[in-house]
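Colleague: In order, the protein sequences belong to chains A and B. Each number in our numbering corresponds to the 1-based position in the first sequence with 1 added. Each number in our numbering corresponds to the 1-based position in the second sequence with 216 added. Quick one: structure below, then a few questions.
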Amino acid sequence: EPEVTQTPSHQVTQMGQEVILRCVPISNHLYFYWYRQILGQKVEFLVSFYNNEISEKSEIFDDQFSVERPDGSNFTLKIRSTKLEDSAMYFCASSTDRDSNQPQHFGDGTRLSIL
Amino acid sequence: RKEVEQDPGPFNVPEGATVAFNCTYSNSASQSFFWYRQDCRKEPKLLMSVYSSGNEDGRFTAQLNRASQYISLLIRDSKLSDSATYLCVVTRAKYNQGGKLIFGQGTELSVKP
Chain A
2 EPEVTQTPSH QVTQMGQEVI LRCVPISNHL YFYWYRQILG QKVEFLVSFY NNEISEKSEI
62 FDDQFSVERP DGSNFTLKIR STKLEDSAMY FCASSTDRDS NQPQHFGDGT RLSIL
Chain B
217 RKEVEQDPGP FNVPEGATVA FNCTYSNSAS QSFFWYRQDC RKEPKLLMSV YSSGNEDGRF
277 TAQLNRASQY ISLLIRDSKL SDSATYLCVV TRAKYNQGGK LIFGQGTELS VKP
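Shown next as structure tokens:
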């Protein structure tokens, strides 16, 4: 079964540094998402991306965050100047534009630790 | 008020028990409803979609009451492998419109031998 893949599985970064999280969505999917989950808290939506532009973003997704689809396969989340509170699991997801019993497929996440 | 609220857990049950999870959502514009399952520090995985008529998948039964904005999940004959956190999820979009998923905080289930 096709999968969403994310790299790295764990990223440790000094506060203030830039970090790029990478995702390869399922190849025929057209909608891409980033979510995050702070330890012990709920999964929170960050941003959705369709047709090479952001379609929706949450309040969390401020100017420090950006997303890009640099080629036909990768979908990246960049955090420009990381803060301690950015420490979380970051999940990428993708979906098709057809009716499906699985609306969004999730990758297994990147654990981001800010020191 | 949280957009999706679930029973606070954890639920500790013996194998073979029947357990029910409740969820309410606040936004009447919500269109699609799901139960996801999340194992410790893993990604959410779709357990089942929830339809207005109610639906069943083996030991799992989901119900939706749009009038009271209430969703439920019933697990019968619980197994050790059912131990996980169960996430109630809604979206304001239909399947094919790429809407964001809105998660509840989850209810942890621990099934004991």
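Here a beta-carbon is modelled for each residue, glycine too, at the ideal position from N, C-alpha and C. It should be emphasised that the depicted structure is a prediction, and the values quoted were computed from it without experimental measurement.
If we cut at 9 Å on Cβ distances, does D63(A) have a partner in chain B?
Modeller: No - not a single Cβ of chain B is within 9 Å of the one on D63(A).
Colleague: Can you tell me whether Q38(A) is buried or exposed? The criterion is at least 16 other CB atoms within 10 Å of its CB, across all chains shown.
Modeller: Result: buried.
Colleague: What do you get for P26(A), buried or exposed, if any count of 16 or more other CB atoms within 10 angstroms of its CB means buried?
Modeller: Label assigned to P26(A): buried.
Colleague: Exposed or buried, which one is V305(B) when buried takes at least 16 other CB atoms within 10 Å?
Modeller: Buried, by the Cβ-count rule.
Colleague: If I'm right that S49(A) touches Y32(A) with Cβ under 8 Å, what's the distance once you round it to whole angstroms?
Modeller: Indeed they touch by this definition, with Cβ atoms about 6 Å apart.
Colleague: Do the region 11-20 of chain A and the region 79-87 of chain A make contact, defined as three or more Cβ pairs closer than 8 Å?
Modeller: Yes: the two stretches touch, three or more of their Cβ pairs being nearer than 8 Å.
Colleague: State buried or exposed for T307(B), treating a residue as buried only when at least 16 other CB atoms are found within 10 Å of its CB.
Modeller: By the 10 Å Cβ count, T307(B) comes out buried.
Colleague: From S402(B) to R112(A), what distance separates their C-alpha atoms?
Modeller: The question about residue 402(B) has no answer here: the residues shown for chain B are numbered 217 through 329.
Colleague: Mind checking R253(B): buried by the 16 CB within 10 Å criterion, or exposed?
Modeller: Its Cβ being crowded by 16 or more others within 10 Å, R253(B) is buried.
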